[in-house]
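If you're matching positions, the sequence shown starts at 1 in the UniProt record's numbering and goes up one per residue. We treat Cβ as the ideally placed atom computed from N, Cα and C, and that holds for glycine. Note that this is a predicted model, so its numbers are computed, not measured.
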Amino acid sequence: MTGTRRGTAPPRQRYKTILLTPIIGLLLQVHTVSGGICWSSISNGKCKELLSQGVTRQECCASNAAAATAYSEEDLDSGSLFFWRVLGGGVICRPCRESCAEVRCDEGKKCVVRRGRPRCVCSPECKVPRGGSGPVCGTDGRSYKSLCRLKKRACKKGSQELTVAYNGLCQSSCERVHCGQGRSCLLDQNLSPHCVKCARKCPQAPGSTRPICGADGNTYKSACHLRLAACRAGRAIPVAYKGHCKQNADCTTIRCREGQTCLTEMNSGRPRCVTCTYRCPRKREKIRKKERNRDWENQHDPVNTSLLCATNNITYPTWCHIVKDACITGFVLETKHAGPCDIHDTSFYTEDENTTSTNYSVDLIPENFGKTGHSNNWAVLVDTSRFWFNYRHVANVLSIYRSVKRLGIPDSQIILMIADDMACNPRNPRPATVFNNIKQHINVYGDDVEVDYRGYEVTVENFVRLLTGRLPPDTPRSKKLLTDEGSNILIYLTGHGGNGFLKFQDSEEITSQDLSDAIEQMWQKRRYHEILFVVDTCQASSMYEKFYSPNILAVASSKVGEDSLSHHVDPDIGVYIIDRYTYYALDFLEKVEPSGSKKLSEFLKVCPKHYCLSTVGVRTDLFRRDTKTVPVTDFFGSLRPIELTNTIVNLLPVTKNLTKVEVSESKFFYTPQFPDVSSYMLLTLPSIFLICLLPLPIFGIRKYDKFKEVHEAIDFSSMRISPYDPAINEVPAAPVVPGCIKDGYIKDPFNCAKFYRCQEANAIPVAFYCQQELIFNSETNICEYPASLNC
C-alpha cells in the first residue's frame, strides 16, 4: 500500500509551488515610494531613458538642467515599466522646461526653442579676426571654409579629436604647408601632410630594448629613433620587423608578432610585417543633393582625397582597402598619390551593401590596363556531366580542346576536366573513340589528348580551388592554373544547368554567385588579365548575370527561360553527339588561322537564333576593349612569352656549314573536324540544272541486274550529310543518274569526285559526301583516295 505522509505535499506539487512563488511575487510587486519617474530625454512626447524613480517633478527638474530632461507623474511597477519602454514605444512624459531659462548646454552649444521645447544646438564661438578667416585643413584630411565650419562639424560629430592640422586648404605634399610654432610637416602612409612636433633627441634606450628594422632598410635603436628619422625626412617610415635588418631576408627567415602577416615588397623583395584588415568601412553610392551642394570643401580641394592611387596603379577608396588588397595578394602596396590613378577617369566607387565584395576595381581600373600586360593564354575546359546519354557534352569539350590546341595553346596551359569517360563506356559501339559529327570524320579523343581532371575529380570544390589557386601543396603541376596578371583565360563550361546554377556530376551544383565570387578572388589575387567566359547549357546567361569583376567577356548559348538544344544524332552511336551552339562555334573556329584577322565580334555572332533555336546571350559591360578590334587568337590562340631584361646576352655566331633537314609536311597536317562541302555547292547546282534541261536518253540509260550487297543492308538515308543544317534547310536531293554498276560505285556524271551507292537497280541513289578529293567506297564503307577516275 502506497501513500503520503500527512502534511507533506507530493514532489510534483512542491515543484509547482516553488515555480509559481516568484512569478506571483513579481506580479504583486508594488512600489511603496510615492512620486514619479525622471527621464533623461524625450522624443515625440514619450520617454525611454530612465534617470531615477520615486522623485517629485521639482526634484527631477532641479537636479538635471539639461534641455531634454522630462518627467512622468505615475510611478510604474517593474512589469508595466518594461512593457511601456520595450513594447509600448515609451512612457508618456512632459519636458521639465518649455523655455531656455535655467537650461545649461555643453561647451560650444546654445539653447534654442524648437517645436515648443528647448534644445541644445551646436554654436561654437567663431570670432573672425581682422584679416578675415581663411580656409583650414582639419586633422580628418578635409578642407573647411573657415575655423567656424570645422568647429561646427566637430560639435555635430561629437569628436574632440577633430582640430586644425594647418592653415589653408589640405595639400597632397608638404611644399605649400606652413606649420609654424616649432612644428614640422610629415607625410603619412596616404601621403597626406601633417604638422607634428619633432623630438630633438631620444632618451637612452634600456639594454633590454630590441632594435627595429625600418622599411627603408635601416636599423634603429628604438621606435623613438625611427620616429625622429621620419620626422627629419618628412615622411613616415613603417616598421618592417623587430630586430636588426638582415641581408637577403624574406618571409621565411623573420618572425612577425602575433596578429601580423608577413608581406613581400615587390621591388626589393624585402619582408614587412603588416597588421592585416579584411573588413573596411563601406561608402554610400549616392550622396544627398543637399550635402553635395554645400560641400564647399570637396569643390576646392586640389586633389580628390577620397580616392587613393596605389603602387600597383589601381585606385582604391581608402587606405584600408589598399591594406586589404595587399594582404590578399601577399605583396606590400603603398600610396602612389592621392586621387584616382587615371586623371581622366570620372567614374566613382560603388559598393553593394548586400555583399562583402567590392567592385571599385571595375570602374576605377586605369584605361591603359587593357592595352598592356597581356603575356600568355590559358584555357579551362570543363565537361560537368556523367552518364552515356550526355555523350554530347564530352564531345563538346573535346572539340573546343582540339581547336585551341590547333591554334597554339600548349597542353601545359590547358586544364581539361571531363566528368565521364565516354570512350571507355561499355555502351560505346566504337571503343576508345569520341566523335562530334555523324560523318565520324575524326576521333576527337585521340592519342594526344591530355585529361587533367577525370571522373569524380570533376567537382565544384576542385573547380573553385583551381580558379582561385587554393589547391593542396602536393597537387601536380598539370592540375594547377598557374596564371598571373598577364594571362588571358578562356573558360568553357558545358553540361546541364538551370536558372542560376550548373550541375556537376548530376549531383551537385555551382551557383552563379559562387562562380562570380571565385572570379573576383582571381582578380584580387592578380590571376588574370582578361577572361572569355563561354557556357553551353540551358538558361546559360544566368551564369554570368552576377559577374562584377573587370575585364570579362561572357557568352552564353541561351537566355534565361530558354533551353540549349543538341544538334544531331548519330544512329550508329545512338545518342546526340554535339550541341547546337558548340557545333556552330566549332564551325567558325575551324576557319580561324593562328595568324588570321578574325575578331571576337565575329565569334559572338556564330549562332543566330535561326541556327541555335535559342537566343545567344552576350555580356560586354565588364570588358574594356572593343570586340571589333580584339583578335580571336587573344583567347583561343597562344602568345610567345617575352621577358624584358637589362642583362647583356651573348649570342653565339651562326656557323655556315649547316645541314638542311627537311621535315615532311604530313607530320604537321591537320585534319579538319568537319567535312569540306564547299565543292559540292559549286558543282551540284549546275548538275541539277543540266539534268532538268537535257533528255535522259543522252546518258545512255542501261539496266543492270539487281546488285547483291556483300555487307548487311544499312539504312544510308539516315547518314546523309548536307552542306547546310538539316534541321533548318531541306536536304538537297541527289541527281537522277543511271542504274547501279556492279563494282559497288555509281559515279556522278557531272562531278568526278562524287560517287554514290545504290541498293537496287534503277533506284535514286543516296548521296554520301566525303572530304574533298576522296570518294566513298561502298565495299569498305569508308572514304578513300580513288585509284583512277574516268570522266
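For Arg270, the number of other beta carbons within 10 angstroms of its own is at least 16, and it is reported as buried. With a cutoff of 7 angstroms on beta-carbon distance, Val112 and Arg104 are scored as not near each other.
Of all alpha-carbon atoms in Lys145, Gly134, Cys195, Glu461, the one lying nearest the alpha-carbon of Glu175 is that of Cys195. Fewer than three Cβ pairs drawn from the region 179-190 and the region 206-216 lie within less than 8 angstroms of each other, which leaves the two stretches out of contact. Relative to the Cα of Tyr581, the nearest Cα in the group Val555, Met422, Leu600 belongs to Val555. Remark: C-beta atoms of Cys280 and Cys320 approach each other more closely than 7 angstroms. If you ignore the 5 residues before and after Cys47, its C-beta comes within less than 6 angstroms of the C-beta of Trp39, Ala70, Gly90, Val91, Cys93, all in its own chain and listed in chain order.
When only Cα atoms are considered, Val136 and Ser146 end up about 6 angstroms apart.
The beta carbon of Lys156 is closer than 7 angstroms to those of Cys122 in its chain, skipping five residues each way along the sequence. DSSP, read as helix, strand or coil, puts Arg114 in strand.
Taken through DSSP and simplified to helix, strand or coil, Val632 comes out as coil. A Cβ-Cβ separation of about 5 angstroms places Met543 in contact with Ser512 under the 8 angstroms criterion. Annotation for Pro672: Glu590 place their beta carbon closer than 6 angstroms to its own, counting only its chain and skipping 5 residues before and after.
DSSP, reduced to helix, strand and coil, places Thr219 within a strand of the structure shown. DSSP links Tyr581 through a beta bridge to no other residue.
Per the DSSP secondary-structure output, Gly214 pairs in a beta bridge with Val239. Bridge pairing for Thr315: Cys309 [DSSP]. If you draw a straight line from the Cα of Asn267 to the Cα of Gly141, it comes to about 29 angstroms. Judged by DSSP in its simplified three-state form, His337 adopts strand. Leu308 has its alpha-carbon roughly 40 angstroms from the corresponding atom of Ser557.
Separation of Glu509 and Leu502 (C-alpha to C-alpha, rounded to the nearest whole angstrom) is 5 angstroms. Per DSSP, Cys60 has no beta-bridge partner at all. Looking at the backbone, the Cα of Leu333 and that of Thr253 are separated by about 21 angstroms.
The beta-carbon separation of Ser614 and Leu565, rounded to 6 angstroms, stays under the 8 angstroms limit for a contact.
According to the DSSP assignment, Cys612 belongs to the alpha helix (DSSP H) that extends over 609-612. Per the coordinates, the alpha-carbon of Lys439 lies some 43 angstroms from the alpha-carbon of Asp474. By the neighbour-count definition (other C-beta atoms within 10 Å, threshold 16), Glu562 is a buried residue. Ranked by Cα distance from Pro238, the options Val274, Lys246, Arg232 are led by Val274. Separation of Tyr584 and His441 (C-alpha to C-alpha, rounded to the nearest whole angstrom) is 17 angstroms. Sequence-distant Cβ neighbours of Pro594 in its own chain, meaning closer than 7 angstroms and more than five residues away, are Leu407, Gly408, Thr633, Gly637. Membership of Phe82 in any beta strand (DSSP E) is not indicated; the residue belongs instead to the alpha helix (DSSP H) covering 78-82. The Cβ-Cβ distance between Cys245 and Thr219 falls below 7 angstroms. Following the DSSP letters along the chain, one finds Cys148 inside the alpha helix (DSSP H) bounded by residues 147-157. Inclusion of Gly596 and Thr537 in the CB contact set at 7 angstroms is not warranted, their separation being larger than that value. Approximately 6 angstroms separates the beta-carbon atoms of Thr494 and Val397; this is inside 8 angstroms, confirming the contact. Taking Ser399 as the centre and dropping the five residues before and after it, the same chain places the C-beta of Asn436, Val444, Ile578, Thr582, Leu586, Gln673 closer than 8 angstroms to its C-beta, in chain order.
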